[in-house]
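Below is one structure, written out as structure tokens; the observations come after it.
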Amino acid sequence: MTKSNCPDQTCDLYTKCKIDNFLDFSSNYFNNAATTQNCLSNLKVWIGCSKKDDLSMNIKSVYQCVLESLGVEIVNIDIEGIILEKHDYDALLMFTLTPGISARAIELVVTAKHKKLNKIKTEKLYINMPDEYNEGYISRKLENYNLKYWKYEDFLDEPVFKYVLRKLTNIATDKEEEMNINKIKYEPEVLILTALDKEFQAMEDTLDQNENCFREDPALGSDRILYPHYKIGNKDVVLAKTGMGNNKASAITTTMYRQYPSIKYIIMVGIAGGIPNCSDAMKHIRLGDIVLSGEKGIIQHDMGKNTQEGSFEYNFEPRPPNAQLLNIAQRKVSRAGKNSFDFWKYIDKLSNIDEDKYKRHNNMILDDTPWLLETKVTLPQVPSGYDQTRPRIHIGSIASGNTVVKDSNVRDSLVQKFPDIKAVEMESSGVADASWLVGKDCFVIRGICDYCNSSKTKEWQEYAAGVASAFAKEIIEAL
């Protein structure tokens, strides 16, 4: 039997026997659990009790002596520390026998529940409930907050101690895991940005959490869920959602660069409106196709000045894409030719995850004019030799602005001014600006979901987001 070295030599024989019994029980418990009592040595525990009640003080003395013998650090916290929230402990054992002290315990629980404090484990709060309180206010309040409590006469029995020991072991294990996670260096080389929730979800679905080593950076606190980390090929990747528009995109890009100076590559992934070509099947961009930012990169189509003559003079500096990513994409397009791409298997995987969401639709009608609408003209078919059920990849300039283009006349006027554009969207210019300010450049991958006209719908958005995410994964794997 393990003997205690409790500093309190004034305790009676019954208390000493209880301490020794608990220590002996602990030894058997840890042996059966295939672990050691040292696992509790990283814990700080606060033990509260009713100082005016001898039994309550005795219970605290037993638990304090036993836990200290197991390596637990017992901390003392006064009421001022609670009020000012200047307290640091991993678990709270509260042995209370009076309404006043019980109310204090309830206050802690309510505070923890409302503020969702991570360090205060409300399920680890133990309250001794005398029989006379069974039907009273205190009991109802405790039940309302789903707190576990035991009867007065049972608190020094083994079942209660076993429960406490098991809970403390769980807390210690969680704390050790968190400490190990904090030791991990989060130094992603690749930043993937999306604007919309459905784009973010498509990227997450593409980056299967188990296959691509999903994890969250604890340094981000409550925001860690917003910026998940993955492993793609041999690259560490972080994913972020910017929100709609160039201003938000620029702000989030800057924030991510500051958080992770290790970022070398930034890829904007999502959906965009395509530029149709009714006369040339090779140049025509179908719904569901992919557009990549080419050598001329991103053009901010709404940057310029209004002249006295009533015209608008565009004034922009084209931002070329990341050369390495563009070269990888060009090689893949060239090598694949009319054959299959690796990313097709990722599209199929998305379809298996949610067939309705990532379904390829059949509607390819362009109804820019009453004549086209009336005759229901279908745009050029896929060039001979290409799989008409798969997306083609186009490389060219991408027009970016802060307004949604839902007018074929506006779209066509942009094409007249910028003949090289293949797609129109709202975020890449902001990303390019933020990247340029830190001496880097970006790459844009857009799935085409509409033709920037009055018939713009959301029918193709999930599929377009999915194909863009799938190709992004293939590009990163090649780095």
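Using my numbering, count along the sequence shown one by one with no gaps and you end on 1007. We put the beta carbon where it would ideally sit given N, CA and C, even for glycine. On a predicted model such as this, the values are computed, not experimentally measured, just so you know.
Requested in this report: Return the first residue and the last residue of the beta strand (DSSP E) that residue 764 is part of.
Outcome: 763 to 769
Report task. From the DSSP output, in three-state form, read off residue 595 for me. Result -> helix
Query - Rounded straight-line distance, which links the Cα of residue 776 to that of residue 719 - result: 16 Å
Report task. Jot down the residue ranges of each uninterrupted alpha helix (DSSP H) in the stretch 876 to 961, minimum 4 residues, whole runs only, in chain order. Result -> 898 to 903 and 936 to 945
Report task. Can you check the stretch 534 to 593 for any alpha helix (DSSP H) of at least 4 residues that lies completely inside it and give the ranges in chain order? Result -> 541 to 560
Query raised in the report: Nearest to residue 1008 by alpha carbon, out of 801, 722 and 848?
Result: Examination of residue 1008 is not possible in this model, given that the chain is present from 529 through 1007 alone.
Query - Pick from 579, 570 and 685 that is closest to residue 550, judged by C-alpha positions - result: 685
Requested in this report: Use the C-beta contact count for residue 855: other C-beta atoms within 10 angstroms, 16 or more gives buried, fewer gives exposed.
Outcome: exposed
Query raised in the report: Roughly how many angstroms lie between the CA atoms of residue 540 and residue 714, to the nearest whole one?
Result: 54 Å
Query - 8 Å Cβ cutoff met for residue 730 and residue 997 - result: yes
**Report entry** Same chain, Cβ closer than 7 Å to residue 903, neighbours up to 5 away in sequence not counted
**Finding:** Note on residue 903: pLDDT 47, under 50, position unreliable in the model; the coordinate value appears next. Closer than 7 Å at Cβ, skipping near neighbours: no residue.
Query raised in the report: Can the beta-carbon of residue 826 be found less than 8 Å from the beta-carbon of residue 727?
Result: no
Report task. Report, in whole angstroms, the separation of the C-beta atoms of residue 953 and residue 983, which I expect to be a contact under 8 Å. Result -> In fact, because the Cβ distance is near 18 Å, the residues do not count as touching under 8 Å.
Query raised in the report: Beta-carbon separation of residue 760 and residue 1001 under 8 Å?
Result: yes
Query raised in the report: What residues are listed by DSSP as bridge partners for residue 622?
Result: 576
Query raised in the report: With burial defined as no fewer than 16 other Cβ atoms inside 10 Å of the residue's Cβ, what is the status of residue 965: buried or exposed?
Result: exposed
Query raised in the report: Applying the criterion that 16 or more other CB atoms from any shown protein chain within 10 Å of the CB defines a buried residue, is residue 707 buried or exposed?
Result: exposed
**Report entry** Inter-residue Cα distance where the pair is residue 545 and residue 598
**Finding:** 17 Å
Report task. Count the other CB atoms, across all protein chains shown, that sit within 10 Å of the CB of residue 531; report buried if there are 16 or more and exposed otherwise. Result -> Model confidence at residue 531 stands at a pLDDT of 49, short of 50, so the residue's coordinates are unreliable and nothing is read from them.
Query - Where residue 979 sits in the DSSP three-state scheme - result: coil
**Report entry** Inter-residue Cα distance where the pair is residue 647 and residue 863
**Finding:** Its pLDDT being 45, under 50, residue 647 is placed unreliably in this model, and the coordinates cannot settle the point.
Requested in this report: Take residue 921 as the anchor and find which of 932, 961 and 973 has the nearest alpha-carbon.
Outcome: 973
**Report entry** residue 689 - DSSP class collapsed to helix/strand/coil
**Finding:** helix
Query raised in the report: Where residue 560 and residue 580 are concerned, what is the direct C-alpha to C-alpha distance, given to the nearest angstrom?
Result: 38 Å
Requested in this report: List the endpoints of the continuous alpha helix (DSSP H) containing residue 825.
Outcome: Note, residue 825: premise wrong, no alpha helix (DSSP H); beta strand (DSSP E) at 818 to 828.
Query raised in the report: Where DSSP assigns a beta bridge to residue 722, which residues make up the other side?
Result: 769
Requested in this report: Spell out the partners DSSP gives residue 800 in its beta bridges.
Outcome: 976
Report task. Confirm, please, whether the CB-CB distance from residue 848 to residue 823 is below 8 Å. Result -> yes
Query raised in the report: What number of angstroms, rounded off, separates the C-alpha of residue 782 from the C-alpha of residue 968?
Result: 11 Å
Query raised in the report: Under the three-state reduction of DSSP, which class applies to residue 971: helix, strand or coil?
Result: strand
Query raised in the report: When you compare only the Cα positions, how much space is there between residue 886 and residue 703?
Result: 40 Å
Query raised in the report: Quick one: what does DSSP say residue 759 is sitting in, helix, strand or coil?
Result: strand
Query raised in the report: Alpha carbon to alpha carbon, how far is residue 788 from residue 587?
Result: 50 Å
Query raised in the report: Beta carbon of residue 857, beta carbon of residue 791: below 8 Å?
Result: no
Requested in this report: Express the C-alpha separation of residue 744 and residue 751 in angstroms, rounding to a whole number.
Outcome: 9 Å
Query - Reference residue 979, options 779, 815, 568 and 547, closest by Cα - result: 815
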